[in-house]
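Add 127 to a position in the sequence shown, counting from 1, and you land on the number used in the working numbering.
Just so it is clear, CB atoms sit at the ideal spot from N, CA and C, and this is done for glycine as well.
Let me begin by presenting the structure, written as structure tokens, before commenting on it.
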Amino acid sequence: MHETLIEGKRLKLRRAHAGDLNYIMTLQYAPENLKFIAPFDEDYQRAIIESDGSERLDVIIEELDTGAAAGYFMLRKLDSPCAEFTHVIIGRKGLGYGREALNLLLEWTFKVRKYHRVWIDCKEYNSIALHLYESLGFVREGVLREILLTDGVYENLIVLGMLNREYNARRES
Ligand SMILES: CC(C)(COP(=O)(O)OP(=O)(O)OC[C@H]1O[C@@H](n2cnc3c(N)ncnc32)[C@H](O)[C@@H]1OP(=O)(O)O)[C@@H](O)C(=O)NCCC(=O)NCCS
């Protein structure tokens, strides 16, 4: 059984299973995605999939009408009040799936699971992702300077966060 977290108009978010490993690895290593993330290896992903899901989850974004996978992301620190979103990757880009999937994820984390805070980090030059996160209400909280070594170059990460009360205020306004 593939546990559904939440369903929207076009997409649902469901827990990944072993049959999704190939999709997750292919998505991570696709050149258009790889430059924006630090990929996890297959053993790490398998351990998450086989875990009880209380601390980390691999999540598949699935199209409701076709049942096909449209993307993937990972959730961490689920056993704390402050959940982390990471490795957000949309396979079919530019269709509004990133926005819809993140809106669903925010609804699940704040309305269903009542987390206090969620946060994500993002490479400083990833303007599409930064635009998306900020337009959803994430606040830039700081810069982790030269924390990631990629092909011999140290890169900055921007940390963005959202509090439960900020999410609720946006919904009410
Ligand atoms: C970033 C990413 C998740 C966005 O997902 P998506 O489904 O393509 O994005 P959406 O279609 O929902 O669009 C979201 C916003 O980004 C903008 N956008 C999307 N693609 C764009 C592009 N190629 N150029 C400029 N803006 C773009 C859209 O216009 C939209 O903004 P708007 O609503 O203000 O018009 C996706 O591009 C991706 O997987 N990128 C590679 C991996 C990555 O960078 N992950 C994030 C790691 S922190």
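Minimum Cα-Cα distance from V245 among the listed residues E282, E268, G223 and H258 corresponds to E268. Closest option to T131, judged by alpha-carbon separation, among A256, D248 and I187: I187. Under the three-state reduction of DSSP, R173 is assigned to helix. With fewer than 16 other Cβ atoms from the protein chains shown falling within 10 Å of its own Cβ, A174 counts as exposed. Counting C-beta pairs with one atom in each stretch, the stretch 145-157 and the stretch 246-263 have fewer than three that are closer than 8 Å, which means they do not touch.
Neighbourhood of ligand 1, defined by CB distance below 6 Å to any of its heavy atoms: N160, F163, I164, V215, I216, I217, K220, G221, L222, G223, Y224, G225, R226, C249, N253, I255, A256, H258, L259 and S262, in chain order. Shown here, E182 sits in coil according to DSSP, grouped into three states, outside any helix or strand. In this structure E189 does not touch K241 by the C-beta definition: roughly 24 Å separates them, more than the 8 Å allowed.
Minimum Cα-Cα distance from A210 among the listed residues I176, A195, L229 and E182 corresponds to E182.
Cβ atoms of L259 and G218 stay farther apart than 8 Å, at about 16 Å. One thing to note: I164 has its Cβ no nearer than 7 Å to the Cβ of A143.
Note that the C-beta distance between F200 and H214 is below 7 Å. CA-to-CA, the gap between S207 and G194 works out to about 32 Å. Taking the C-beta atoms as reference points, G135 is found nearer than 7 Å to E227. Partner residues in a beta bridge of T193, as assigned by DSSP, do not exist.
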